[in-house]
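Enquirer:
In our numbering, the protein residues as written are 55 to 459.
1) Give every residue of the same chain whose Cβ lies closer than 6 Å to the Cβ of residue 409, excluding the five residues on either side of it in the sequence, and list them in chain order.
2) Contact check, residue 115 vs residue 282 under 8 Å by CB: the rounded distance?
3) Determine the direct distance from the alpha carbon of residue 66 to that of residue 292, and round the result to whole angstroms.
4) Find the nearest neighbour of residue 221 within the set 198, 263, 251, judged by alpha-carbon distance.
5) Classify residue 159: buried if its beta carbon has 16 or more other beta carbons within 10 angstroms, exposed otherwise.
6) Would you list the residues sitting across from residue 71 in a DSSP beta bridge?
7) Taking all protein chains shown into account, decide if residue 185 is buried (16 or more other Cβ within 10 angstroms of its Cβ) or exposed.
8) Whole angstroms are fine: how far does the CA of residue 321 sit from the CA of residue 354?
9) Let me confirm a value: residue 363 is counted as buried when at least 16 other C-beta atoms fall within 10 Å, else exposed. Which label applies?
10) In its own chain, which residues sit with a C-beta less than 7 Å from the C-beta of residue 273, not counting the 5 before and 5 after it?
11) Where do the ends of the beta strand (DSSP E) carrying residue 388 lie?
12) Which residue's Cα is closest to the Cα of residue 196: 170, 259, 367?
13) Tell me residue 282's beta-bridge partners as DSSP assigns them.
14) Looking only at its own chain, which residues have a Cβ that is under 8 Å from the Cβ of residue 36, when we skip the five neighbours before and after it?
15) With a floor of 4 residues, list each alpha helix (DSSP H) that falls wholly inside the segment 164-252, ordered by position along the chain.
16) So for residue 402, helix, strand or coil by DSSP?
17) Per DSSP, what are the beta-bridge partners of residue 354 in this structure?
18) Could you name the residues of the same chain whose beta carbon sits closer than 8 Å to that of residue 157, not counting the 5 residues immediately before and after it, in chain order?
19) In whole angstroms, what is the alpha-carbon distance linking residue 431 and residue 214?
20) Do residue 459 and residue 98 have their beta-carbon atoms positioned less than 9 Å apart in this structure?
21) Would residue 426 be called buried (16 or more neighbouring beta carbons within 10 Å of its own) or exposed?
22) Expressed to the nearest angstrom, what Euclidean distance is found between the alpha-carbon atoms of residue 276 and residue 314?
23) Secondary structure at residue 94, three-state DSSP: helix, strand or coil?
24) DSSP three-state call for residue 458: helix, strand or coil?
25) Span of the beta strand (DSSP E) holding residue 270?
26) List the whole-angstrom C-beta distance separating residue 95 from residue 317, where the pair is believed to meet the contact cut-off of C-beta under 8 Å.
27) Can you list, in chain order, the residues of its chain whose CB lies under 8 Å from that of residue 147, leaving out five sequence neighbours each side?
28) Run through the DSSP bridge pairs and tell me what residue 141 is partnered with.
29) Taking the beta strand (DSSP E) that residue 262 belongs to, which residues open and close that run?
30) Out of 135, 343, 412, which one is the CA nearest neighbour of residue 383?
31) Could you please give me the residues that DSSP links to residue 440 through a beta bridge?
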């Protein structure tokens, strides 16, 4: 109960723990280091502490095998969802959501918009010229659809959404796009784009309808303490759509779970592993930035884990730059491991880590790198306590055959 255990503080060989629950500020945590630097194990150790302390967790497992060992250790409290097999959260069916409020409907519609924007796979040029119109038109169509079914922002109407899904929405939306003169006139540049690209996924005859093969009822995983989203992919193509969708599904389901977690007055922990995998996806990055901002004002903790800090370099898209800048501004605590050449200077120049420059140099210096390869420079600020140091995760001998590590 003293805090989350991250390892041993090397200056005095004592456990390094951060008390996140009594903190007036929630935590948004940056964890970075090259492949093999130990960052995943560092987070796994932290998640075991969160599990023991009864926190709720939503964990992105990009490889599909990194975190599933948590279910072996805690089988009753953990669910593993393989979202890479066409499973999707049907956010349009709000009929059995717990503790909904007047914002719930519109929050879920916004996540649905994010998912559909991802399906459009807009190029950087299209993002700058069409993104806002696509979002606006999708919002109009979704609101028209749910209100045609009698679903308003009043939770008492949510039972009327039973049976609604993405395919039925697109059937309704296609008719609106074809028959509404005002929509055709106001959105003439994006109507053909939406019709051509979304029909591949959301029409019953679409070539890619397998992306939405199995509907997931969010209530099935609502009360699980840990939910692991197994993606089974590390893509070299930064435009990998399944990866981006999986991130968005996780964000949406974690939002639904948040309603229940808040009602239980418990902490929610979000883990975004291998964040660089979708570093040019506007909908995803805006979603994560929004959750980071909300986490700062609610009882939550967010871990973003990635191997390349240069993903924060400015891009051609002002929207992506804005989302990354917003996320960067939210960071409260940093775990910096052994990094690839080039990342170190970028980190020093662009993040608020001046207090740990010396530790970063020790870890990355050629003369000291071997003995410090699995160490992490740490700067923390929980709101009531702040400081810096260098830590190392040390596992008990009994963990030799532990499937999580």
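Each residue gets a CB set at the ideal place from its N, CA and C atoms; glycine is no exception.
Expert: Inspection of the coordinates gives the following:
1) Counted from its first residue, the chain shown places residue 409 at position 355. For residue 409, where only same-chain residues beyond five positions count, the Cβ hits under 6 Å are 433, 442.
2) Counting from one through the chain shown, the residue named residue 115 turns up at place 61. Counting from one through the chain shown, the residue named residue 282 turns up at place 228. Confirmed, Cβ separation roughly 5 Å.
3) On the chain shown, position 238 is the one that residue 292 refers to. On the chain shown, position 12 is the one that residue 66 refers to. Because residue 292 sits at a pLDDT of 48, beneath the cut-off of 50, its placement in the model cannot be relied upon, and the following sentence gives the value as read from the coordinates. Those two C-alpha atoms are separated by around 42 Å.
4) The sequence position of residue 221 within the chain shown is 167, counting from 1. Measuring from the Cα of residue 221, the nearest candidate turns out to be 263.
5) Residue mapping note: residue 159 aligns to position 105 of the chain shown, counting from 1. Counting Cβ neighbours within 10 Å, residue 159 comes out buried, since at least 16 surround it.
6) Locating residue 71 in the chain shown gives position 17, counting from the first residue. Note: residue 71 sits in a beta bridge opposite 59.
7) Within the chain shown, residue 185 is the residue found at index 131, counting from 1. Buried, because 16 or more other Cβ atoms sit within 10 Å of the Cβ of residue 185.
8) The residue given as residue 354 occupies position 300 in the chain shown. The residue given as residue 321 occupies position 267 in the chain shown. Approximately 5 Å, taken between the alpha carbons.
9) Along the chain shown, one-based indexing puts residue 363 at 309. So residue 363 counts as buried.
10) Here residue 273 corresponds to residue number 219 of the chain shown, with the count starting at 1. Contacts found: 150.
11) The residue given as residue 388 occupies position 334 in the chain shown. From DSSP, the beta strand (DSSP E) with residue 388 extends over 387-390.
12) Residue mapping note: residue 196 aligns to position 142 of the chain shown, counting from 1. Closest by alpha carbon: 170.
13) What you label residue 282 is simply residue 228 of the chain shown in a count that begins at 1. In DSSP, residue 282 forms a bridge with 113, 134.
14) The question about residue 36 has no answer here: the residues shown for the chain are numbered 55 through 459.
15) 178-202, 220-233, 235-240
16) Walking along the chain shown from the start, residue 402 turns up at place 348. In the structure shown, residue 402 sits in a helix (DSSP, three-state: H, G or I).
17) Along the chain shown, one-based indexing puts residue 354 at 300. According to DSSP, residue 354 bridges with 322.
18) As a first step, residue 157 is located in the chain shown; it is residue number 103 there, counting from the start. Correct list, in chain order: 207.
19) Along the chain shown, read from residue 1 onward, the residue named residue 431 stands at position 377. Along the chain shown, read from residue 1 onward, the residue named residue 214 stands at position 160. Rounded to the nearest angstrom, the two C-alpha atoms are 52 Å apart.
20) Within the chain shown, numbered from 1, the residue matching residue 98 stands at position 44. Within the chain shown, numbered from 1, the residue matching residue 459 stands at position 405. Going by C-beta atoms, residue 98 is nearer than 9 Å to residue 459.
21) Walking along the chain shown from the start, residue 426 turns up at place 372. Residue 426 comes out buried.
22) Position 222 of the chain shown, counted from the start, is the residue given in the question as residue 276. Position 260 of the chain shown, counted from the start, is the residue given in the question as residue 314. So the two alpha carbons sit approximately 7 Å from each other.
23) As a position in the chain shown, residue 94 is number 40, starting the count at 1. Residue 94: helix per DSSP, three-state reduction.
24) Position 404 of the chain shown holds residue 458. It is coil, neither helix nor strand.
25) By one-based count along the chain shown, residue 270 stands at place 216. It spans 268-270 - the beta strand (DSSP E) in which residue 270 sits, taken as one unbroken run.
26) For the purposes of this step, residue 95 is identified with residue 41 of the chain shown, where counting begins at 1. For the purposes of this step, residue 317 is identified with residue 263 of the chain shown, where counting begins at 1. Actually they do not touch by this definition, with Cβ atoms about 33 Å apart.
27) Position 93 of the chain shown, counted from the start, is the residue given in the question as residue 147. Closer than 8 Å at Cβ, skipping near neighbours: 215, 216, 217, 218, 219, 269, 271.
28) The residue labelled residue 141 in the question sits at position 87 within the chain shown. Looking at the DSSP assignment, residue 141 forms a beta bridge with 268.
29) What you label residue 262 is simply residue 208 of the chain shown in a count that begins at 1. No beta strand (DSSP E) holds residue 262; DSSP gives it neither H nor E.
30) Sequence index remark: in the chain shown, residue 383 carries index 329 (1-based). When each option's Cα is compared against that of residue 383, the closest is 343.
31) Walking along the chain shown from the start, residue 440 turns up at place 386. Per DSSP, 435.
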